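Following: one structure in structure tokens, then a few remarks.
Numbering (this note's numbering), first residue to last: -5 to 111.
Below, the structure written as structure tokens:
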């Protein structure tokens, strides 16, 4: 049974993640959007990538995003402020994950890279 519909992006949704309270989405419109999971209300729009956002992950404090601009970006979950930009891939980012100390990214350049958070 469908619970809610979240609308706001202007291009295809290419990445989603969620936890108990929030949904985070990435899109071809280059934005990351945060949504209240219970109400469906949009909480924040995060901008900074220059191309489609293709991967997202989050924990209680940080959102990680990967993009067709070949970068991984870390964002403060509460404020939406950019914390760091990780550069090194030579092709679009296709996957991201993280734990308390590390970010891992996969790319069309056929590499997986591990980064200090």
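Backbone N, C-alpha and C define an ideal beta-carbon position, used for all residues, glycine too.
In this text the structure is predicted, and so the values were computed from the model without any measurement.
Of the listed residues the options, nearest to residue i (C-alpha basis)
i, options, result
"residue 16", "49, 57 and 62", "57"
"residue 10", "65, 26 and 77", "26"
"residue 103", "88, 93, 95 and 2", "88"
"residue 39", "60, 48 and 72", "72"
"residue 1", "34, 43 and -5", "34"
"residue 80", "48, 20, -2 and 60", "60"
"residue 30", "-1, 47 and 44", "-1"
"residue 45", "52, 64 and 28", "64"
"residue -3", "74, 97, 32 and 41", "32"
Nearest-angstrom Cα separation, counted from residue j out to residue i
i, j, result
"residue 83", "residue 18", "23 Å"
"residue 13", "residue 24", "22 Å"
"residue 99", "residue 70", "18 Å"
"residue 22", "residue 5", "5 Å"
"residue 76", "residue 86", "19 Å"
"residue 110", "residue 54", "17 Å"
"residue -5", "residue 3", "23 Å"
"residue 50", "residue 20", "7 Å"
"residue 114", "residue 101", "The structure shown has nothing for residue 114, since the chain only spans -5 to 111."
"residue 43", "residue 36", "19 Å"
"residue 7", "residue 48", "9 Å"
"residue 68", "residue 28", "14 Å"
Beta-bridge partners of residue i, as assigned by DSSP
i, result
"residue 81", "65"
"residue 36", "29"
"residue 47", "61"
Integer-rounded CB distance, given that residue j should sit under 8 Å from residue i
i, j, result
"residue 90", "residue 66", "6 Å"
"residue 149", "residue 108", "Outside the shown range of the chain (-5 to 111) lies residue 149, about which nothing can therefore be said."
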